[in-house]
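Written below as structure tokens is the structure these notes are about.
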Amino acid sequence: MIKLAEILNEKQLGKRLVIFDFDDTLATSEAFIYITKSDGTKLKLDPAEYATYEEEPGDKFDFKDFNSMLKNPQTIDRNMKMLKKAMANAQNKVTILTARSHGFPMKHFFKTQHNIDPYIIPVGDANPQKKAQYIENEIKKGYNKIFFIDDSQKNVDAVAKLQDKYPDIILKTVKA
4 MIKLAEILNE
14 KQLGKRLVIF
24 DFDDTLATSE
34 AFIYITKSDG
44 TKLKLDPAEY
54 ATYEEEPGDK
64 FDFKDFNSML
74 KNPQTIDRNM
84 KMLKKAMANA
94 QNKVTILTAR
104 SHGFPMKHFF
114 KTQHNIDPYI
124 IPVGDANPQK
134 KAQYIENEIK
144 KGYNKIFFID
154 DSQKNVDAVA
164 KLQDKYPDII
174 LKTVKA
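All residue numbers for the sequence shown refer to the numbering used here, where the first residue is 4 and numbers rise by one.
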């Protein structure tokens, strides 16, 4: 099993990419996904519940809470320590890859609570293929040692499938 330390090892050759999801991976906040079912029933899910939610025909999603400043953000310490360690090595490209549409609320959180300024990519879509597509584009740019951590098993699985398509890269996917 490949460990983060092996990917981050300064003596290893290759282009290294370390990617973290934000919500429920690096921090939690008071943000919900609102779903209106085809029969008019309304649901309010937190990110962890949404990560396992199975979409049904006619579902309408409202992600409005994810377009504003973070409400009551709480750091997930163990993952934040990994982020800071990865950022400390200039040989790593470290990215926050989020389904959110806007990066500024996270940028503000990192700057004010942790005094760091990570590179943030908001894909603006909860479809797991969007994160996999971003990572595949990075592979095509030459990144061949990749660590990806996300709280959503759907996202982890979508990214892990890239290993079959690119067997020569080192890809470590972890469910937070």
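For every residue, glycine included, the Cβ atom is placed at its ideal position computed from N, Cα and C.
For a cut-off of 8 Å, the C-beta gap from residue 127 to residue 155 is around 16 Å, too long to register as a contact.
Within the model, the alpha-carbon separation for residue 162 versus residue 135 is close to 5 Å. C-alpha of residue 41 to C-alpha of residue 130: approximately 20 Å in a straight line.
Contact annotation: residue 106 and residue 125 have beta-carbon atoms nearer than 7 Å.
By the Cβ neighbour-count rule, residue 171 is exposed, with fewer than 16 other Cβ atoms within 10 Å of its own. Counting only runs of 4+ residues, the alpha helix (DSSP H) found wholly inside the stretch 44-127 occupies 50-54, 80-91, 107-112, in chain order. Separation of residue 92 and residue 58 (C-alpha to C-alpha, rounded to the nearest whole angstrom) is 40 Å. Linking residue 167 to residue 97 through their CA atoms gives a straight-line distance of about 23 Å. DSSP places residue 147 within a strand segment (E or B) once states are collapsed to three. Looking at the DSSP output, residue 37 shares a beta bridge with 47, 65. Separation of the CB atoms of residue 178 and residue 159 is rounded to 5 Å, and the pair is thereby assigned contact status at 8 Å.
By the CB criterion at 7 Å, residue 144 and residue 19 fall outside the cutoff.
Straight through space, the alpha carbons of residue 87 and residue 27 are spaced by roughly 17 Å. Residue range 165-168 is occupied by the alpha helix (DSSP H) that includes residue 165. Here residue 47 has 35, 37 as same chain residues with Cβ atoms under 7 Å from its own Cβ, once five neighbours each way along the sequence are excluded.
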